[in-house]
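A.B. asks: Just dropping this structure here.
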Amino acid sequence: MPESVGVRRAQAQRTRSSVLAAAAAVFVDQGVQAPVRDIAERAGVGVGTIYRNFPTRPDLVAAVYRHQVDTCAALAPELLAESATPFTALTRWTEAFVEFLVTKHGLGAALGSGDPGLESLHALMLDTLIPACATVLDACVAADEITPDISAYTLLRAIGNLCITGPDYDQADARRMVATLLAGCRRRA
Numbered sequence: 017m018p019e020s021v022g023v024r025r026a027q028a029q030r031t032r033s034s035v036l037a038a039a040a041a042v043f044v045d046q047g048v049q050a051p052v053r054d055i056a057e058r059a060g061v062g063v064g065t066i067y068r069n070f071p072t073r074p075d076l077v078a079a080v081y082r083h084q085v086d087t088c089a090a091l092a093p094e095l096l097a098e099s100a101t102p103f104t105a106l107t108r109w110t111e112a113f114v115e116f117l118v119t120k121h122g123l124g125a126a127l128g129s130g131d132p133g134l135e136s137l138h139a140l141m142l143d144t145l146i147p148a149c150a151t152v153l154d155a156c157v158a159a160d161e162i163t164p165d166i167s168a169y170t171l172l173r174a175i176g177n178l179c180i181t182g183p184d185y186d187q188a189d190a191r192r193m194v195a196t197l198l199a200g201c202r203r204r205a
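For the working numbering, add 16 to where a residue sits in the sequence shown, where the first one is 1.
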């Protein structure tokens, strides 16, 4: 491959990554219906660049969601490798999962919209995050830090339910309740 092709590909990947990061940040601030021009401005690109990479809003939403799911899943083995205990890794991983959930303004409505470009995202989340969570849970069970009767699906579902925010229950409340849930999963010495 000629060097110029490799340079162009690397630049295209940097641009795509910049757009995904900008879109994620704008979605947190404004929801998934945020104007594309706001995303382009934050990414430092033209609106045309966004449409060239993501022809429709569902394409952009799906790409951001996939990127964040993959990032969250990739954290599991990293945290297990660098944490003092598997339970510490579990705590840190669930904090990242909670952050992923509580910053999805409007994503629930988008997922329920019936748009074919978004239909597979819920399955993607389950297919990717359940095994990641199971890896950390299995390490916790092997270290005798949690009870063995907690499945990854059940834990993720419980966390998901605790992260449904509203007028009298905000992101800080969700984080506190998830910390309480994890404390209840821990084996007592």
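From the three backbone atoms N, C-alpha and C, an ideal C-beta is built for every residue, glycine too.
Do Val48 and Val63 have their beta-carbon atoms positioned less than 7 Å apart in this structure?
C.D. replies: Result no, Cβ atoms of Val63 and Val48 do not sit closer than 7 Å.
A.B. asks: Considering only the alpha carbon of each residue, which of Thr104, Ala92, Phe116 and Ala190 lies closest to Pro147?
C.D. replies: When only C-alpha atoms are compared, the closest one is Ala92.
A.B. asks: At 4 residues or longer, what runs of the alpha helix (DSSP H) sit wholly inside the segment 36-89?
C.D. replies: Listed in chain order, they are 52-59 and 63-69.
A.B. asks: Between the alpha carbons of Thr144 and Ala59, how many angstroms are there, rounded?
C.D. replies: Roughly 27 Å separates the two Cα atoms.
A.B. asks: Compare the beta carbon distance of Ala56 and Ile66 with 7 Å and say whether it is the shorter of the two.
C.D. replies: Cβ atoms of Ala56 and Ile66: closer than 7 Å.
A.B. asks: Does the separation of the CB atoms of Ser99 and Ala105 fall below 7 Å?
C.D. replies: It is a contact, given that the beta carbons lie within the stated cut-off.
A.B. asks: Less than 7 Å between the C-beta atoms of Leu36 and Val80, yes or no?
C.D. replies: Yes, the pair counts as a contact, with Cβ atoms nearer than the cut-off.
A.B. asks: Three or more C-beta pairs under 8 Å: does that hold for the segment 183-192 against the segment 100-120?
C.D. replies: Because the criterion of three Cβ pairs below 8 Å is met, the segment 183-192 and the segment 100-120 touch.
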